[in-house]
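Going by the numbering used here, the sequence shown opens with residue 1207, and the numbers climb by one from there. Down below is the structure, laid out as structure tokens.
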Amino acid sequence: MLDFTRKARYGFDDLVRLVTLLRAPGGCPWDGVQTHRSIRRNFLEEAYEACEGFDRDDAALMREELGDVLLQVVFHADIERAAGRFTVDDVCDGVCKKLIFRHPALFSDEEAPDWETLKRREKGQKTTSEAMDGVARSLPALWRAEKLRKKAGTLPGAESDEARLGKLEEEVSALRRAVTDGGDVEQALGGVLFAAVCAGMNRKADSERALHRACDDFIRRFSRVERAAAERGLAPDELPQEELLRLWVDEGTQCGE
């Protein structure tokens, strides 16, 4: 049996100790063999589930999912403690120092530069390219594209709506050529998506949210088509292609799509 005292209420230190016990010899066999990579997806899932709580403004869900995120942080830090590279206290020390550094006007007499300058100074980035290369590749691609474009700043002749929409049309044409001529469709599609992100940013559109809305619209639209097919005693894939297309277009037209 593990040497862990049961309490009516636990704190951060209890969580750190509990994770260490679970990962130690004689603890949980599964916990003991995990690596950063083996549970990488868990970290992402817990973060997204916490965001679901934020979006719903659900306090109970937020409390639970933030706990799961905190568990992931402590778990990964304990992997490093066992490897002798750093501890969870080092993590706390680093983030406290970062917060102090990023708020010079509050913790010193220094006049605060803009946020981007502060971040570059902190990370030792001397060029815009270095700052762009520092954007995490693990971010959702649309989100990463936005961050890269913001870091690029003003590009001569590329900031107007007309210019950005023109670039989008150019990339769509390149995609059409790739599809019809057997070119690199994935590369061409990437060009379309990046150009679309840039065009939306000119109007302060959030690309991730925009695509989520499009996904939700697609589900609602398909649901309407599915119901219409069911009224005929059929599943959507049992409808003739022409009928399915007509239903799709009709339902879209009725809803202003």
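All C-beta atoms in this analysis are idealised placements derived from N, C-alpha and C, irrespective of residue type, glycine included. Remember, it's a predicted structure, so these values are computed and weren't measured experimentally.
Roughly how many angstroms lie between the CA atoms of residue i and residue j, to the nearest whole one?
i: Ala-1416; j: Asp-1261; result: 15 Å
i: Leu-1272; j: Glu-1252; result: 8 Å
i: Glu-1365; j: Pro-1319; result: 25 Å
i: Asp-1443; j: Ala-1420; result: 22 Å
i: Asp-1464; j: Met-1338; result: Because the chain is modelled from 1207 through 1463, residue 1464 falls outside the range shown and cannot be assessed.
i: Leu-1399; j: Ala-1256; result: 27 Å
i: Asp-1367; j: Arg-1355; result: 15 Å
i: Phe-1307; j: Gly-1233; result: 39 Å
i: Leu-1227; j: Leu-1440; result: 57 Å
i: Asp-1177; j: Thr-1293; result: Residue 1177 lies beyond the stretch modelled for the chain, which goes from 1207 to 1463, so this question has no answer here.
i: Trp-1236; j: Asp-1219; result: 22 Å
i: Asp-1387; j: Leu-1371; result: 24 Å
i: Val-1464; j: His-1418; result: Nothing in the structure corresponds to residue 1464, since the chain is present only between 1207 and 1463.
i: Asp-1264; j: Asn-1248; result: 21 Å
Using a threshold of 6 Å, is the CB atom of residue i nearer than that to any non-hydrogen atom of the ligand FAD?
i: Arg-1433; result: The ligand FAD is absent from the structure shown, which contains no ligands of any kind.
Taking the alpha-carbon of residue i as reference, which of the options has the nearest alpha-carbon?
i: Cys-1369; options: Ile-1245, Gly-1406 and Gly-1259; result: As written in the sequence, residue 1369 is Ala, which differs from the Cys given in the question. Minimum Cα distance to Ala-1369 is reached at Gly-1406.
i: Arg-1229; options: Glu-1255, Ala-1289 and Gln-1331; result: Ala-1289
i: Val-1275; options: Tyr-1254, Asp-1264, Arg-1287 and Asp-1263; result: Tyr-1254
i: Glu-1336; options: Glu-1352, Ala-1358 and Gly-1396; result: Ala-1358
i: Glu-1377; options: Arg-1243, Ala-1401 and Ile-1285; result: Ala-1401
i: Arg-1326; options: Arg-1383, Ala-1311 and Lys-1304; result: Lys-1304
i: Asp-1296; options: Pro-1310, Val-1279, His-1309 and Ala-1311; result: Val-1279
Would you grab the beta carbon distance between residue i and residue j for me? Rounded to a whole angstrom, and I think it's under 8 Å.
i: Ser-1200; j: Leu-1348; result: Nothing about residue 1200 can be reported from this structure: the residues present for the chain run from 1207 to 1463 only.
i: Phe-1281; j: Val-1225; result: 6 Å
i: Cys-1404; j: Lys-1353; result: Incorrect: roughly 12 Å between the Cβ atoms, too far for contact.
i: Gly-1396; j: Ala-1380; result: Gly-1396 to Ala-1380, Cβ: 10 Å. No contact.
i: Glu-1258; j: Leu-1267; result: 7 Å
Could you tell me which uninterrupted alpha helix (DSSP H) segments, each at least 4 residues in length, are contained entirely in the region 1279 to 1363, listed from first to last along the chain? 1294 to 1307, 1310 to 1313, 1321 to 1329, 1334 to 1339 and 1347 to 1358
Which residue spans inside the region 1392 to 1436 form an unbroken alpha helix (DSSP H) run of at least 4? Secondary structure in the region 1392 to 1436: the alpha helix (DSSP H) runs of 4 residues or longer, each lying completely within the stretch, are 1413 to 1436 in chain order.
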